[in-house]
Amino acid sequence: MIKTKDRHPMSMFLNICMKIAIIFTVGILAFLIGYILIMGIPNISPELFAWEFTTDNQSMMPAIINTLIMTLLTLVIALPFGIGAAIYLVEYARQSSPIVKIVRITAETLSGVPSIVFGLFGFLMFGIAFGWNYSLMSGAMTLAIMVLPVIMRTTEEALLGVPDSYREASFGLGAGKLRTIFRITLPSAMPGIIAGVILSIGRIVGETAALLFTAGTVASIPSSVFDSTRTLAVHLYALLNEGLYMEQAYATAVVLMVVVILINWLSNRIAKKLAK
Amino acid sequence: MSKISIQDMELYYGDFQAIKGISMEIPENKITAFIGPSGCGKSTVIKSLNRMNDLVEGCRITGNILLDGVDIYKEMDPIVLRKRVGMVFQKPNPFPMSVYDNIAFGPRTHGVKNKAQLDEIVERSLRQAAIWDEVKDRLKKSALGLSGGQQQRLCIARAMAVEPEVLLMDEPTSALDPISTNKIEELASDLKKDFTIVMVTHNMQQAARISDKTAFFLLGDVIEYNDTDELFSNPQDKRTEDYITGRFG
Numbered sequence: 001m002i003k004t005k006d007r008h009p010m011s012m013f014l015n016i017c018m019k020i021a022i023i024f025t026v027g028i029l030a031f032l033i034g035y036i037l038i039m040g041i042p043n044i045s046p047e048l049f050a051w052e053f054t055t056d057n058q059s060m061m062p063a064i065i066n067t068l069i070m071t072l073l074t075l076v077i078a079l080p081f082g083i084g085a086a087i088y089l090v091e092y093a094r095q096s097s098p099i100v101k102i103v104r105i106t107a108e109t110l111s112g113v114p115s116i117v118f119g120l121f122g123f124l125m126f127g128i129a130f131g132w133n134y135s136l137m138s139g140a141m142t143l144a145i146m147v148l149p150v151i152m153r154t155t156e157e158a159l160l161g162v163p164d165s166y167r168e169a170s171f172g173l174g175a176g177k178l179r180t181i182f183r184i185t186l187p188s189a190m191p192g193i194i195a196g197v198i199l200s201i202g203r204i205v206g207e208t209a210a211l212l213f214t215a216g217t218v219a220s221i222p223s224s225v226f227d228s229t230r231t232l233a234v235h236l237y238a239l240l241n242e243g244l245y246m247e248q249a250y251a252t253a254v255v256l257m258v259v260v261i262l263i264n265w266l267s268n269r270i271a272k273k274l275a276k
Numbered sequence: 001m002s003k004i005s006i007q008d009m010e011l012y013y014g015d016f017q018a019i020k021g022i023s024m025e026i027p028e029n030k031i032t033a034f035i036g037p038s039g040c041g042k043s044t045v046i047k048s049l050n051r052m053n054d055l056v057e058g059c060r061i062t063g064n065i066l067l068d069g070v071d072i073y074k075e076m077d078p079i080v081l082r083k084r085v086g087m088v089f090q091k092p093n094p095f096p097m098s099v100y101d102n103i104a105f106g107p108r109t110h111g112v113k114n115k116a117q118l119d120e121i122v123e124r125s126l127r128q129a130a131i132w133d134e135v136k137d138r139l140k141k142s143a144l145g146l147s148g149g150q151q152q153r154l155c156i157a158r159a160m161a162v163e164p165e166v167l168l169m170d171e172p173t174s175a176l177d178p179i180s181t182n183k184i185e186e187l188a189s190d191l192k193k194d195f196t197i198v199m200v201t202h203n204m205q206q207a208a209r210i211s212d213k214t215a216f217f218l219l220g221d222v223i224e225y226n227d228t229d230e231l232f233s234n235p236q237d238k239r240t241e242d243y244i245t246g247r248f249g
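Chains as they are written, first to last, in full-length UniProt numbering: chain A, 1 to 276; chain B, 1 to 249.
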């Protein structure tokens, strides 16, 4: 078989450029993961997973559990608002209305604000004005505000991507607006919405700056949502910052990566279940 | 007696007047075809018959449209109306779910929960749409895996599952191959026993083959509305004659 790239030097050149780009992209990721695994895995020991954190064992177990609680709590707060706002913008608001424009610009601006600014705001708003101090709740509220635009924008895009012919068919059968949204539009948009949720989870799990000021750094499992906690990423930051526990830090990084992959896999499974 | 009566209907999209005061009587248990060149307003009129134009921003209608003597814009809830006046669209638009769920969506919307009853409605609708034999073994599989012609018959079955009185078809065969088109045409001729059918078509042969009455639209106006045989063999208006003999359009 004759291929174009074998006959035209320019095609050949572009083909090579493309391959270099692919190798480069995949290579960086592979190197990063490989490096962390090689440095981290030998340092993983049972005592790193002890239920109680002490200065001796530097256990990350409380941090793992806190990360899961933090992720769940943040999503529970942010999802209804984000998805609700997106449904309003796409399904109810007049597309030409100024409100839609203002909300979109606001969301875009919000998603460009550095996380440390959210941290300062959360500290002043939830920590001081609301009197929640350093707590799981302050952290989750701050993170919820951070991921809200991400969820809203991705849900909006997903809803806009649902062909109008589905809506027409549903209305044509005598279904009302609510039924059309919940039975037809949202299920069709589910893969896009889940992509937004996964992105958000990535931000929540990886966030440190906004949490240092709001959730604090106490390395134990909180007894209520108004106790201070430390997530895995903050734990990793603390270990690095102290400079005494590099081995544990690498091991923690491995676990952090595994947790992120697990959460992504799980949300994908849930998405597939919901889409049915 | 006429099933649908359109009286002095005008329709505006914003400032643009799309329909210029038309009146017509659509008879029960007959196929009425709307023909005319693109942009002449035939799709707009058919969409007004079950108020699908409500979804279009800035769309405004004056005049009356009566279904069995009741004004559908002033005296009827659109949900009730759309249950009585079903619609099949230009492009097949099955929902991204199983064949069974596609058909059951309408009845479920109107409160049918009983499994046995739903099973029965699904089978009856699919048989009516002459697609039962092709899909009976794959009711639980996605409807998107069907061919275009099968999808369109599925959409017809879906529309019939809510037991409407009128079936609106907006160019139902324009996206299909000749064999599927033929099947849909046979189906429409079969269905007029039980339904009143209004069909928009670009294809004059199709109108001549299957319809009982034909309306010729031009620039938002009905130029001529008559029995199909009469309209095609002995058009009264010069413009109708020019169109059906292929001089423009």
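Built from N, CA and C at the ideal position, the CB exists for glycine as well. None of the values given here were measured: they were computed from a predicted structure.
If the criterion is Cβ atoms closer than 9 Å, does the pair P78 of chain B and D54 of chain B meet it?
yes
Just by C-beta distance, which residues in the stretch 110 to 143 of chain B are closer than 8 Å to chain A?
H110
Apart from the five residues just before and just after Y225 of chain B, which ones in its own chain have a Cβ nearer than 6 Å to its Cβ?
M24, A215
List the DSSP bridge partners of I22 of chain B.
B:M9
Just to confirm my understanding: we take G86 of chain B, look at its own chain, exclude 5 residues before and 5 after, and list those with CB closer than 6 Å. What are they?
A159, P164, L167
Measuring straight from C-alpha to C-alpha, what distance separates P27 of chain B and R153 of chain B?
24 Å
Check whether P96 of chain B and Y166 of chain A have beta carbons under 9 Å apart
yes
In chain B, which residues lie with their C-beta within 7 Å of the C-beta of I184 of chain A?
F95
Would you check if the distance between the CB atom of L218 of chain B and the CB atom of G63 of chain B is smaller than 9 Å?
no
Continuous alpha helix (DSSP H) assignments of at least 4 residues falling wholly in the stretch 110 to 180 of chain A:
115 to 122, 136 to 160, 164 to 172
Consult DSSP for T245 of chain B and reduce its assignment to one of helix, strand or coil.
coil
Determine whether the Cβ of G192 of chain A lies closer than 9 Å to any Cβ atom of chain B.
no
Evaluate contact between the stretch 52 to 67 of chain A and the stretch 233 to 249 of chain A, counting only Cβ atoms and requiring at least three cross-stretch pairs below 8 Å.
yes
N- and C-terminal bounds of the beta strand (DSSP E) containing C40 of chain B:
Where C40 of chain B is concerned, there is no enclosing beta strand (DSSP E), given that its DSSP letter is neither H nor E.
Pairs of beta-carbons, one from the stretch 127 to 142 of chain B and one from the stretch 168 to 177 of chain B, closer than 8 Å: are there three or more?
no
Going by the C-beta, is V259 of chain A closer than 8 Å to any heavy atom of the ligand MN?
Looking at this structure, you won't find the ligand MN or any other ligand, since it has none at all.
Using the beta-carbon of each residue, which ones in chain B are nearer than 7 Å to A175 of chain A?
T109
CB contact below 9 Å: residue 282 of chain A versus chain B
Residue 282 of chain A falls outside the range modelled here, since chain A spans only 1 to 276, and no answer is possible.
State the beta-bridge partners of D221 of chain B as determined by DSSP.
B:L218
How many Å lie between K115 of chain B and I103 of chain B at the Cα?
13 Å
Do G174 of chain A and G106 of chain B count as a contact pair if the criterion is CB distance below 9 Å?
yes
Does R156 of chain B have its Cβ less than 9 Å from a Cβ in chain A?
The displayed chain sequence assigns Ile, not Arg, to residue 156 of chain B. False, the Cβ-Cβ gap to chain A never drops below 9 Å.
Rounded to the nearest angstrom, what separates P163 of chain A and N50 of chain B at their Cα positions?
20 Å
Using a cut-off of 7 Å between C-beta atoms, extract the partners of S188 of chain A located in chain B.
P96
Mind checking whether I221 of chain A and P46 of chain A have CB atoms under 9 Å apart?
no
What is the DSSP secondary structure of D60 of chain B, counted as helix, strand or coil?
Correcting the residue identity first, residue 60 of chain B is Arg in this sequence and not Asp. Strand, per DSSP.
When DSSP labels each residue in this structure, what does L144 of chain B get in the three-state scheme?
helix
For P27 of chain B, the three-state DSSP class (helix, strand or coil)
strand
Using DSSP with H/G/I as helix, E/B as strand and the rest coil, what is M87 of chain B?
strand
Closest by C-alpha distance to G220 of chain B, when choosing among B:I210, B:V45, B:A33
B:V45
Determine contact between the stretch 196 to 210 of chain A and the stretch 256 to 264 of chain A, defined as no fewer than three beta-carbon pairs at a distance below 8 Å.
yes
By how many angstroms is the C-alpha of R209 of chain B removed from the C-alpha of F171 of chain A?
31 Å
So R179 of chain A contacts chain B; which residues on that side make the cut at Cβ distance below 8 Å?
T109
Nearest-angstrom Cα separation, counted from N29 of chain B out to K193 of chain B
6 Å
From B:V222, B:I223, B:R247, B:M204, residue whose alpha carbon lies closest to that of F232 of chain B:
B:M204
Can you say whether P42 of chain A is buried or exposed, counting buried as having 16 or more other CB atoms within 10 angstroms of its CB?
exposed
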